[in-house]
Every structure is written in C-alpha cells, then in structure tokens.
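Just so you know, the sequence shown maps onto residues -35 to -1, 1 to 410 in mature numbering (1 follows the signal peptide of the UniProt record, and there is no 0).
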Amino acid sequence: MIWRHLRQASARLVAVAILLAAAILLAAAMNAASAQDARPSVLDQSSLTDAPGGPKEQLRSFGLMPDVWVSQFYQGESDSEASKTWRYGGKVDAFLKVDAEKLGFWPGLHVNAQYEHYFGQNLNRADFALVPVNTALAYVERDGYHSALSLSVTQDFGDLVSLSAGKFNMMTLASKTPLIGGGGIDTFMNRAFALPSTGVAYTAFRGGAGDRVVVSAPYLLGAILALKTKPVSFALLIADPRSAINPQVIEHPFEKGLAVGAAATLETQIAGLRGFQTLRAAYSNARGVDLDNITDLTRPPAPGGGVATQKGFWFASYAVQQYFVQSEENPAVGWGLFTLATLSDGNPSPVKWSVLAGLGGNTLLAGREDDRWGAGFFHFGLSQPLLAGLAALDVDRRSEGGVEAFYNLALTPWLRLSGDLQLINPWNPGKPQAIYTALRLQTKF
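Next comes the structure, spelled out in structure tokens:
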C-alpha cells in the first residue's frame, strides 16, 4: 500500500519534470526564433501589452505605470497515509505606480497602489503544516478576505533619504530581496522563505488569518524612514502591530499598541562579489495571549474576566545574502547563499526562534539569465509555553521544519512557468512527512 502511494507521488514528480523539460525546449525554440529576427517582438517585451509606442509607454511619459499580473497555481499533497489533496487557484495583482512630479506635483513624490483578488482554491489549512505552503494565496482567499488594497505614499529627499507612509504589502516588499526573493509569486512558495518574519506581530484569542500560529503581519499600516548611505543603509519602521488586512486596523489604528522596528544593512565585497548582512530588531507594547495560561481558553470566562494577556513583543534577526556568481553586465543578476536566524520573546510570540538557509538566484546559462531557481531548508522553533500548554490539553505538537526547491523558467519576460517541491515534517507528530508538488504560471499583462 505504502509503495503504491510512493509510486503515485513519484509519478506526479515525473510529470512535473516532463512539463518543465517541455517548457525548456519551447523556451529554447523561442530564443532561436527571436535571435533570427532582430525586429522588436512581443516575445521580448517586459509585459504582454508593453509594445513600443503603445499605451503603457505613453502613460509612463505622464508618470503613470500600471501593471496587471495573473498568477495561477496547481498544487497537491501526498504522503504515506495516501491523503491526496490537489487544488487549483490563483491571484490577480493590479499595480499602479505614480511619479507625481510628472503630473505637476513637487519633485520626489511617489504613490504606490496594489490591488489583489483571489480565484479558485488553495491547500493552505487543508493540510497539517504550521505555516502556509502557498504564501501568495494565504491571505486573500475564499474562506477569508477575498481581496486586499495596499496604498502608500513616498517622499524622496534627494538620493539618500525617503519617507513612506500607508498600508504596506509585506510580501511585495519581500519580493525585492536579492537572491531569495519573496511573495510566493516567482520564487519560493512556503511562507518561511516567501515572507520571512519582520518581528512585527500580534496574537489574539480569535484572530489571525493564513497562519496557524502568528509569525508576523503580512500587511502593515505605518511609516518607513529609509537612509540609503554606503556601505551601511538604515531603515526605521513605526507600525500598528496587527495585520492591516483587517479593516478594523484602518478604522481604529494603533488602538492595541505600537510597534517599532529598525534595520541596518551592510553591503560587502568578498572577492569582488556583492553581499549583504542585515541586523534587525523590533519591539511592540501590544498585549498578546499569555501562552503560560492557554489552558484557560478552554474554560468559560469568569464574569467580568477575559483572556489572560502578556505585554510586550520583542524580536531580533540576522540575515546574510552573499553572491557566489555574478553577471559582469548586471551585478544584480547572479546566484549565491542566503540565510536568516531569528529570536523572539517566546511569550506572547508563539515562535521562539527560526532559521533558514539555502542557495538561489538567476541561471547564468547563455540565453537563460531570466530563469530563477532556489533550494533551501527552514525550521520554526515553537516556544515552550505554547508546547507545554497544548500538551496539558492533550494536544501533541512540536517544532516544524522542511525543505523546498523550485525552478522558474522564463518562457518570455512576461510569461513564467515554475515547478516547486516541498518536503515538510509537520508540527503535528501524528502526521507523516508531507510532500507538496506544484506548477505555477505567471503572466504579466
């Protein structure tokens, strides 16, 4: 029985490999065709509708930069117990960047808007994993918030200083990280990699969406001050610690407390190769669920009483990203090592520590520089008060770890096909190791 299920899982992996191989051959054919024709081609455009002299180019001259992305996912799970769950779903992202100076406003003023809407289904919370295995569909989905709008305003003060304020999509910000990327759209899908913890979190008795335990908020309402000096750059964040996908955060900001975070990033050169080392710290004066008293949550509250809380969240992290290979023409293109280690208070934060590491970046084969790949492992160390409290309720849980690998094939600059594989030892020790395979297709219109 077990061997039959393993063969079925292997067959799916082979099918994914065949599809990727076929896509590679198709991409090679496209490259050969475009090499024979030096004229502008739709295959060379940054997006499907961004033709020379077209509407997008004309809008950019007025400071308006719209984009629409459609990301589709087909993801399945299989394990030795033969529990098979397969889901198809996706997300539409609509972006608008505004260079306000070109519209007649003062220099350095920018506006960024992002609207997200889900379609279909996803595996998150249908499995036994601690954090989402499909980050892109974890927070806008059928059983939660159907859509989300993020809007921020940035004022640049010269080339070194900028101040941004508004509602931030932390997945979109994470996608700008060198090597590891983020957001779950075109690199890793698991939240451990796609949305690493920022340390700004809030726990409540009835709250949280997407995650089984709160790691950090995927959307934040606040302000970011950035100082882009060399070789060390700095950032200061002031935010509401709650996830701003909840409308109550917009309607009643900071009513539960305030979070402050700071980061310092050192840019290095080792043997002529770029690297980045980042120290981050955060603190919030919000009150979260007291994990030493979670057994009280199963009892009816006393008259006038409530859930026991603990004041104060703190967080620290250290991250390294180091290129091993870089393109001579474009230093931002290359591959290398990434790693992140975090430590928190452990109460009220449910995750005491975490670590991840891996390799990733661009494929520097001739003609395939736009392809991306990555492989890494992660581990979430749950706090002892949480584990002890759950054990007292006869709920056996443990820390969770896993590995993930992906290859993102750029069929064109605006059409990408990815294969993704995850192996996870779930936080429920009664469940076997789970295998997740996925195909992902991203189209930029």
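No residue lacks a Cβ here, since even glycine has one placed at the ideal position from N, Cα and C.
Segment contact: the segment 251 to 259 against the segment 285 to 297, fewer than three CB-CB distances shorter than 8 Å; contact not assigned. Cβ neighbours of A209 within its own chain (closer than 6 Å, five residues either side excluded): K132, Y184, L185 and L186. About 14 Å separates the CB atoms of T137 and I145; that is not less than 8 Å, and the two are not in contact. In this model, A139 and S282 are separated by some 15 Å (Cα to Cα). Each residue's CA atom was taken as its position, placing D9 and K409 some 13 Å apart.
DSSP places D176 outside both helix and strand once states are collapsed to three, so it counts as coil. The Cβ atoms of S127 and S117 do not sit closer than 8 Å to each other. Residue state for Q398 is assigned as coil, using DSSP reduced to three classes. Counting C-beta atoms within 10 angstroms of its own C-beta, L24 has fewer than 16 neighbours from the protein chains shown and is therefore classed as exposed.
Using a Cβ distance threshold of 8 Å, L190 and Q120 do not count as a contacting pair. For V214, the three-state secondary structure derived from DSSP is helix. S383 is positioned such that its CB atom lies no closer than 8 Å to that of N393. Between S319 and F278 the beta-carbon gap is near 15 Å, outside 8 Å, which marks them as no contact.
In chain order, A65 place their CB closer than 8 Å to the CB of W71, counting only its own chain and leaving out the 5 sequence neighbours on each side.
Our two residues, D205 and D15, have alpha carbons roughly 38 Å apart in a direct line. DSSP places P350 within a helical segment (H, G or I) once states are collapsed to three. If you draw a straight line from the Cα of V180 to the Cα of S162, it is about 6 Å long.
Scanning its chain for C-beta atoms nearer than 7 Å, with the 5 sequence neighbours on each side dropped, one finds around V63 the residues G28, L29, H75 and V76, in chain order.
Straight across, the Cα-Cα distance linking F241 with Q86 is about 37 Å. Taken through DSSP and simplified to helix, strand or coil, Q23 comes out as helix.
Excluding the 5 residues flanking it on each side, I259 has same chain C-beta neighbours closer than 6 Å at G354, in chain order.
Around the C-beta of A357, fewer than 16 other C-beta atoms lie within 10 Å, and the residue is accordingly described as exposed. Here Y80 is actually not in contact with H111; their C-beta atoms are around 12 Å apart, not less than 8 Å. Collapsing the DSSP output to three states places R156 in a helix. For A139, the enclosing alpha helix (DSSP H) begins and ends at M135 to A139. The Cβ atoms of P350 and S11 lie no closer than 8 Å to each other. Ranking G311, R363 and L380 by CA distance to the CA of S348 puts G311 first.
Relative to the Cα of G55, the nearest Cα in the group A91, I235 and Y39 belongs to Y39.
Per DSSP, G323 is one residue of the beta strand (DSSP E) stretching across V316 to N327. L95 is a Cβ neighbour of E365, given a cutoff of 8 Å. Beta-bridge pairing by DSSP links P17 to no other residue. Look at T163 here: in three-state DSSP terms it is coil, with no helix or strand label.
The three-state secondary structure of N312, taken from DSSP, is coil.
The closest CA to that of P397, considering only R405, G367, Q407 and L406, is found on G367. The Cβ atoms of E369 and N134 do not sit closer than 8 Å to each other.
With contacts defined as CB atoms closer than 8 Å, V197 and T230 qualify as a contacting pair.
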